[in-house]
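Participant: Here it is, the structure, as structure tokens.
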């Protein structure tokens, strides 16, 4: 299968997202994996989708594009950033967050072609050099210590994690583990996988989300595939979680 550039589009204006999507959709090397309409949603989508590049507007309410880019730079494998904005004055700030390019709206097709070529050189060319007839996918495992034994867990088998009184419970599709490692430490280890905090005591794998049920005072209860537990989604996390789920 031909490698493509996984691309996330971020703009608070729907028309701008559609225009960018149209321009990028003309290139076979580009795969549009998602959209976001705010800086906060952009960061969450970047963590969830792991795009190669994010096309990012600058002027957005609450968290602007520069702030979102700074947050993404803290990811273990941060995406490339291409700013697409109507404001030329942010160019210096943009390159301080290591932006690959800075496009001024309205974006013409020739200028976009230059950007895509740059992305192909930066992202696809190194992959092609490293490719071989045998494709080996990284089989990263989460290592945990339980009762003196070391276990290796596939992160995609984890349904959710919960903070208990003196330990952390890890519920997988196969069994339940109890470890002394704090939830925040496990969250850091799993940052490259689509896990999401729904409560100070709960973190869930997004692929197991089944149903979100309104509860009280802006909170929700979450039903997960493979689990009989209903987990609380606290009011403090509810808005961000709904945005991540595009609700």
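In the UniProt record's numbering, the protein residues as written are 1 to 247.
We put the CB at the ideal spot given by N, CA and C, even for glycine.
1. DSSP beta-bridge partners for residue 214?
2. Let me know if residue 84 comes out buried or exposed under the rule of 16 or more other beta-carbons within 10 Å of its beta-carbon.
3. Inspect the beta-carbon positions of residue 199 and residue 233 and report whether they are closer than 8 Å.
4. Pick out whichever of 236, 230 and 202 has its Cα sitting closest to the Cα of residue 218.
5. Considering only residues of the same chain and omitting the five flanking positions on each side of residue 240, which have a CB-CB separation below 7 Å?
6. What three-state label does DSSP hand residue 248 in the structure shown?
7. Determine, using beta carbons only, whether residue 179 and residue 167 come nearer to each other than 8 Å.
8. Less than 7 Å between the CB of residue 17 and some heavy atom of the ligand FMN, yes or no?
9. According to DSSP, is residue 10 helix, strand or coil?
10. Alpha carbon to alpha carbon, what distance is there between residue 221 and residue 213?
11. Taking buried to mean at least 16 other C-beta atoms within 10 Å of its own C-beta, is residue 202 buried or exposed?
12. Less than 8 Å between the beta carbons of residue 75 and residue 47, yes or no?
13. Need the endpoints of the beta strand (DSSP E) that residue 163 sits in, please.
14. Work out the CA separation of residue 193 and residue 183 for me, nearest whole Å.
15. Does DSSP put residue 192 in a helix, in a strand, or in coil?
16. Assuming the contact rule is C-beta atoms closer than 8 Å, residue 124 and residue 29 should be a hit. Round their C-beta distance to whole Å, please.
17. Just mark residue 36 as buried or exposed, buried being the case when its beta carbon has 16 or more other beta carbons within 10 Å.
18. With 16 other CB atoms within 10 Å as the buried threshold, where does residue 38 fall?
19. Whole-angstrom Cβ separation of residue 10 and residue 66, contact assumed at under 8 Å?
20. Got a sec? Which residues, its chain only, sit under 6 Å from residue 99 by beta carbon, not counting five neighbours each side?
Facilitator: This is what the structure holds:
1. Start at 1 with the first residue of the chain shown, and residue 214 comes out as number 214. When DSSP reads this structure, residue 214 sits in a beta bridge with 220.
2. Taking the first residue of the chain shown as position 1, residue 84 is located at position 84. Buried, since its Cβ has 16 or more Cβ neighbours within 10 Å.
3. One-based indexing of the chain shown puts residue 199 at position 199. One-based indexing of the chain shown puts residue 233 at position 233. Yes.
4. Position 218 of the chain shown, counted from the start, is the residue given in the question as residue 218. It is 236 whose Cα lies nearest to the Cα of residue 218.
5. For the purposes of this step, residue 240 is identified with residue 240 of the chain shown, where counting begins at 1. 40 and 44, listed in sequence order.
6. One cannot answer for residue 248 here, as it falls past the ends of the chain, which runs 1 to 247.
7. For the purposes of this step, residue 179 is taken as residue 179 along the chain shown, with counting starting at 1. For the purposes of this step, residue 167 is taken as residue 167 along the chain shown, with counting starting at 1. Cβ atoms of residue 179 and residue 167: closer than 8 Å.
8. Looking for the ligand FMN in the displayed structure turns up nothing, as the structure carries no ligands at all.
9. Here the question's residue 10 lines up with position 10 in the chain shown. Three-state DSSP puts residue 10 in a strand.
10. What you label residue 213 is simply residue 213 of the chain shown in a count that begins at 1. What you label residue 221 is simply residue 221 of the chain shown in a count that begins at 1. Linking residue 213 to residue 221 through their CA atoms gives a straight-line distance of about 5 Å.
11. Working through the chain shown from its first residue, we reach residue 202 at position 202. So residue 202 ends up on the buried side.
12. In the chain shown, residue 75 corresponds to position 75, counting from 1. In the chain shown, residue 47 corresponds to position 47, counting from 1. For residue 75 and residue 47, yes; Cβs fall inside 8 Å.
13. In the chain shown, counting from the first residue as 1, residue 163 sits at position 163. From DSSP, the beta strand (DSSP E) with residue 163 extends over 158-163.
14. Residue numbering aside, residue 183 sits at position 183 when the chain shown is read from its first letter. Residue numbering aside, residue 193 sits at position 193 when the chain shown is read from its first letter. In a straight line, the C-alpha of residue 183 is about 15 Å away from that of residue 193.
15. In the chain shown, the residue the question calls residue 192 occupies position 192. When DSSP states are grouped into helix, strand and coil, residue 192 belongs to the coil group.
16. On the chain shown, residue 124 is found 124 positions in, with the first residue counted as 1. On the chain shown, residue 29 is found 29 positions in, with the first residue counted as 1. Rounded, the Cβ-Cβ distance is 6 Å, consistent with contact.
17. In the chain shown, the residue the question calls residue 36 occupies position 36. By the neighbour-count rule (16 or more Cβ atoms within 10 Å), residue 36 is buried.
18. Here residue 38 is taken as the residue at index 38 of the chain shown, counted from 1. So residue 38 counts as buried.
19. Residue 10 sits at position 10 when you count from the first residue of the chain shown. Residue 66 sits at position 66 when you count from the first residue of the chain shown. Taking 8 Å as the upper bound for CB-CB distance, residue 10 and residue 66 are not in contact here, some 12 Å apart.
20. Translated into the one-based positions of the chain shown, residue 99 becomes position 99. Excluding its 5 nearest sequence neighbours in each direction, residue 99 has C-beta neighbours in its own chain below 6 Å: 81 and 83, listed in chain order.
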